[in-house]
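Colleague: Residue numbers (this note's numbering): 129 to 261.
Handing you a structure now.
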């Protein structure tokens, strides 16, 4: 079993590799279980290949179609089995549409085994002065 500190480190490095460094191949190789289960409707849960292969194809396609996508991590909360990454996607770079996101990962034996995600577009005209993330 992996502890909370290690799960936090795994989730953080996975997100850095996958988004900031635009290296989904390395992120999947290091941190994703072959039988990974994806619940995010945008991350191509169907199709050929294992769950980790589909995730890799999603990552490659994302960086091809959205080469300026950024993901800014604001906080990571972890325990012995899970890590939650809370942050903001900027789909077309810092001036693009912002999407607040919470990604929940279940980890097993030091690998990401399952993922759920909820997100909401950040309204630049929000009446709430507090940030969503």
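C-beta: ideal position from N, C-alpha, C; glycine also.
Taking C-beta to C-beta, are residue 245 and residue 261 nearer than 8 Å?
Modeller: Numbered from 1 along the chain shown, position 117 holds the residue referred to as residue 245. Numbered from 1 along the chain shown, position 133 holds the residue referred to as residue 261. Taking 8 Å as the Cβ cut-off, residue 245 and residue 261 do not qualify as a contacting pair.
Colleague: By DSSP, does residue 254 sit in helix, in strand, or in coil?
Modeller: Counted from its first residue, the chain shown places residue 254 at position 126. In this structure, residue 254 counts as coil in the three-state DSSP scheme.
Colleague: Are residue 243 and residue 231 closer than 8 Å when you measure CB to CB?
Modeller: Locating residue 243 in the chain shown gives position 115, counting from the first residue. Locating residue 231 in the chain shown gives position 103, counting from the first residue. Against a cut-off of 8 Å, the Cβ pair of residue 231 and residue 243 comes out as a contact.
Colleague: Can you name the residues that DSSP bridges to residue 219?
Modeller: Counting from one through the chain shown, the residue named residue 219 turns up at place 91. Beta-bridge pairing links residue 219 to 221.
Colleague: Determine the contact status of residue 215 and residue 200, defining contact as a CB-CB distance below 8 Å.
Modeller: By 1-based counting over the chain shown, the position of residue 215 is 87. By 1-based counting over the chain shown, the position of residue 200 is 72. For residue 215 and residue 200, yes; Cβs fall inside 8 Å.
Colleague: Is the separation between the beta-carbon of residue 180 and that of residue 164 shorter than 8 Å?
Modeller: The residue you call residue 180 lines up with position 52 of the chain shown. The residue you call residue 164 lines up with position 36 of the chain shown. Yes, they are a contact pair.
Colleague: Classify residue 257 as buried or exposed, calling it buried when 16 or more other Cβ atoms lie within 10 Å of its own Cβ.
Modeller: Start at 1 with the first residue of the chain shown, and residue 257 comes out as number 129. By the neighbour-count rule (16 or more Cβ atoms within 10 Å), residue 257 is not buried but exposed.
Colleague: What whole-angstrom Cβ distance do residue 139 and residue 250 have, given they're in contact under 8 Å?
Modeller: Along the chain shown, read from residue 1 onward, the residue named residue 139 stands at position 11. Along the chain shown, read from residue 1 onward, the residue named residue 250 stands at position 122. With a Cβ gap of about 22 Å, residue 139 and residue 250 do not count as contacting.
Colleague: Report the CB separation of residue 209 from residue 150 in whole angstroms; it is logged as a contact under 8 Å.
Modeller: Sequence index remark: in the chain shown, residue 209 carries index 81 (1-based). Sequence index remark: in the chain shown, residue 150 carries index 22 (1-based). At roughly 29 Å, the Cβ-Cβ gap does not stay under 8 Å, so residue 209 and residue 150 are not in contact.
Colleague: Give the DSSP-derived three-state secondary structure of residue 130 in the structure shown.
Modeller: Taking the chain shown and counting its residues from 1, the one referred to as residue 130 is at position 2. Reduced to three states, the DSSP call for residue 130 is coil.
Colleague: Applying the 10 Å Cβ sphere with the 16-neighbour rule, what's the burial state of residue 182?
Modeller: In the chain shown, the residue the question calls residue 182 occupies position 54. Residue 182 should be labelled buried.
Colleague: Where does the unbroken beta strand (DSSP E) through residue 233 begin, and where does it stop?
Modeller: Position 105 of the chain shown, counting from 1, holds the residue named residue 233. Segment 226 to 236, the beta strand (DSSP E) holding residue 233.
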